[in-house]
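Going by the numbering used here, the first residue of the sequence shown is number 2, and it counts up by one from there. Beta carbons are placed, not taken as given, at the ideal position from N, Cα and C, and that holds for glycine. Read through the structure below, which is laid out as structure tokens, and then see the notes.
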Amino acid sequence: MTTTIGILGGGISGLSAAFHLSRRLASNPKARIVLLEASKRLGGWIKSENATVHVGGKPYSVVLESGPRTLRPKSMEMLELIHLLGLEPALALIPYSHPAARNRFIYFPETGVTRLPSDIISLARSQLVDRASLGGLLPAALVEIFKPANRPRGMTDESFDSFISRRFGEEFARRFGSSLVHGIYAADSRKLSMRAAFGQVWDAEDAGGGSVVRGVLGRTNGNAASASDSFDLGNMQEIMKEVNVFRFHNGMESVSRALSNALQGVPQVDIRIGENVRNIRPSDESSGLKVETTSGTLELSHVISTLPLSTLSSTLPTTRTLPHLNYNPSTTVHVANIIFPPSPSPIHPQALDISYRVQPKTINRRRAPF
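This is the structure we're talking about:
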């Protein structure tokens, strides 16, 4: 059977899968890649809009994001993709010294909005000035180093809340761990898989002989270098030195647009927009699969799905259900973009240049977090 790979979903996962496959299959001219996207656009949750506002008769362009707006330079896969697409000139870098990186805030019911420490000096200072809210931060980290290994034998995963409570204490998990998960995943820390969401921290516990802090401190630059050896990074690691987060001058959609443009020039790739997948079943004529869409039926040798698991489940035969596909819930998140026109005086104090505020779950642990 001719290699015909179907990719379900045209978001960043589907586009990058098609891109890397097209490079691998370049030496096989008979191979074919079909990408199916149900909506009328590519990019999925990543969507950037250039808005023009007029202030004093002058036009200003502002990039609004309805999805993610920044990335951290930790993913070798993402850095490689940026290099392969030639997006280095489009990068907007935010260093650790920038106010946006140094100012993070958390809301505590008893003390209000509190700035989180960003270095050793501010961490030490917070233990005195903000003791009511941040007093448990440093002691929990110091005690963890000397705490005996306490992962139950044979345990292969646990919730984030369980992990943090086990290593740093329940109070630390409630006040800081829960807030972290709310801010990143908009999820309940008591239900989020530790290994799926924070696999590196889980591995650090192993590397530190049971201590997360020892495992993190024991990581060397050599380990980081060896981890990047299998990636084509160009000079991306040099570019990302001292970078806390980064974005793109024309928005995050720069990545999906670049991927789409790169794929348009590959004869082996067929991108179909507005084509919904209705049914996936084993083929009677071959060892592959038949995928029924709104425009017909495709005979595919392989299928890569980037669809939400519940959506994928609805396309599979009812006689071959996979219960795991309907197990993982999702969260609805609303994004609001507010444009402030240029002002001769600061709109807010310099200390609040850019803030990131989340609220820990309520003290009553039986109540669901907001």
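Helix, strand or coil for I13, going by three-state DSSP, please let me know.
Position 12 of the sequence shown, counting from 1, holds the residue named residue 13. Secondary structure of I13 (DSSP, three-state): helix.
Which residue comes first and which comes last in the alpha helix (DSSP H) that contains S314?
Taking the sequence shown and counting its residues from 1, one reaches residue 314 at position 313. Per DSSP, the continuous alpha helix (DSSP H) segment holding S314 begins and ends at L310 to T316.
Over the uninterrupted beta strand (DSSP E) stretch that includes Y61, give me the two end residues.
Position 60 of the sequence shown holds residue 61. Looking at the DSSP string, the run of the beta strand (DSSP E) that includes Y61 is K59 to E66.
Straight-line gap, N1 to A187 (C-alpha atoms, nearest Å)
Nothing can be reported for residue 1, as the shown portion of the chain is limited to 2 through 371.
Classify Y186 as helix, strand or coil using the three-state DSSP reduction.
For the purposes of this step, residue 186 is taken as residue 185 along the sequence shown, with counting starting at 1. Residue state, collapsed to three classes: helix.
Should T418 go down as buried or exposed, given a rule of 16 or more other Cβ atoms within 10 Å for buried?
Residue 418 is absent from the model: the chain starts at 2 and stops at 371.
Return the chain-ordered list of same chain residues with a C-beta closer than 6 Å to the C-beta of T71, the five sequence neighbours on each side being excluded.
One-based indexing of the sequence shown puts residue 71 at position 70. Counting only residues of its own chain and dropping the five nearest sequence neighbours on each side, T71 has a CB closer than 6 Å to the CB of V246 and R248.
Are the Cβ atoms of M237 and I83 separated by less than 8 Å?
Sequence index remark: in the sequence shown, residue 237 carries index 236 (1-based). Sequence index remark: in the sequence shown, residue 83 carries index 82 (1-based). In contact: M237 and I83 (Cβ atoms closer than 8 Å).
Do the stretch 36–45 and the stretch 105–117 make contact, defined as three or more Cβ pairs closer than 8 Å?
No, the stretch 36–45 does not touch the stretch 105–117.
What's the C-alpha gap between N51 and A259?
Mapped onto the sequence shown, residue 51 falls at position 50. Mapped onto the sequence shown, residue 259 falls at position 258. Their backbone Cα atoms lie some 17 Å apart in a straight line.
Whole-number beta carbon distance between L290 and L308, since they are thought to touch under 8 Å
Locating residue 308 in the sequence shown gives position 307, counting from the first residue. Locating residue 290 in the sequence shown gives position 289, counting from the first residue. 14 Å between Cβ atoms; not a contact.
How about L36 and V270: do their beta carbons lie closer than 8 Å?
Looking up residue 36 in the sequence shown gives position 35. Looking up residue 270 in the sequence shown gives position 269. Going by C-beta atoms, L36 is nearer than 8 Å to V270.
L323 - containing beta strand (DSSP E), residue span
Locating residue 323 in the sequence shown gives position 322, counting from the first residue. Run containing L323: none; DSSP gives neither H nor E here.
Go to N262, then tell me how far its alpha helix (DSSP H) extends in each direction, as first and last residue.
Along the sequence shown, one-based indexing puts residue 262 at 261. Note, N262: alpha helix (DSSP H), E254 to Q265.
Taking the C-alpha atoms as reference points, what is the distance between S98 and S76?
Residue mapping note: residue 98 aligns to position 97 of the sequence shown, counting from 1. Residue mapping note: residue 76 aligns to position 75 of the sequence shown, counting from 1. Their backbone Cα atoms lie some 21 Å apart in a straight line.
Tell me which same chain residues have a C-beta within less than 6 Å of the C-beta of R220, skipping the five on either side of it?
Position 219 of the sequence shown, counting from 1, holds the residue named residue 220. Nothing listed; no residue qualifies.
I need the boundaries of the beta strand (DSSP E) containing L117, first residue and last residue.
The residue you call residue 117 lines up with position 116 of the sequence shown. It is not in any beta strand (DSSP E) - L117 carries neither H nor E in the DSSP assignment.
V256 vs V278 beta-carbon contact at 8 Å
Here residue 256 refers to the residue found at position 255 when the sequence shown is read from its first residue. Here residue 278 refers to the residue found at position 277 when the sequence shown is read from its first residue. Note that the C-beta distance between V256 and V278 is not below 8 Å.
Is the CB-CB distance between D232 and M195 below 8 Å?
The residue labelled residue 232 in the question sits at position 231 within the sequence shown. The residue labelled residue 195 in the question sits at position 194 within the sequence shown. The sequence given here has Phe at residue 232, not Asp. M195 sits away from F232, with the two beta carbons spaced by 8 Å or more.
Let me know the secondary structure DSSP gives A18 once reduced to three states.
The residue labelled residue 18 in the question sits at position 17 within the sequence shown. Looking at A18 - three-state DSSP - the assignment turns out to be helix.
With DSSP as the reference, label L299 as helix, strand or coil.
Position 298 of the sequence shown, counting from 1, holds the residue named residue 299. It is a strand residue.
Extent of the continuous alpha helix (DSSP H) run through I165:
Along the sequence shown, one-based indexing puts residue 165 at 164. From DSSP, the alpha helix (DSSP H) with I165 extends over F161 to F169.
Under three-state DSSP, which class holds L72?
For this step, residue 72 is matched to residue 71 along the sequence shown. Here L72 sits in strand by DSSP.
Thinking G7 and V304 are a contact (beta carbons under 8 Å), I'd like their distance in whole angstroms, please.
Counted from its first residue, the sequence shown places residue 7 at position 6. Counted from its first residue, the sequence shown places residue 304 at position 303. So it is a contact: roughly 5 Å between Cβ atoms.
If you count every other CB in all the chains shown that lies within 10 Å of the CB of P60, and 16 or more means buried, which is it?
Here residue 60 refers to the residue found at position 59 when the sequence shown is read from its first residue. Under this definition P60 is an exposed residue.
Rounded to whole angstroms, what is the Cα-Cα separation between H325 and I34?
Taking the first residue of the sequence shown as 1, we reach residue 325 at position 324. Taking the first residue of the sequence shown as 1, we reach residue 34 at position 33. Straight-line Cα distance between these residues: approximately 27 Å.
Residue burial classification, R243 (beta-carbon count within 10 angstroms, cutoff 16)
Against the sequence shown, residue 243 aligns to sequence position 242. Sequence check: residue 243 is Glu here, not Arg. It is exposed - the Cβ of E243 has fewer than 16 other Cβ atoms within 10 Å.
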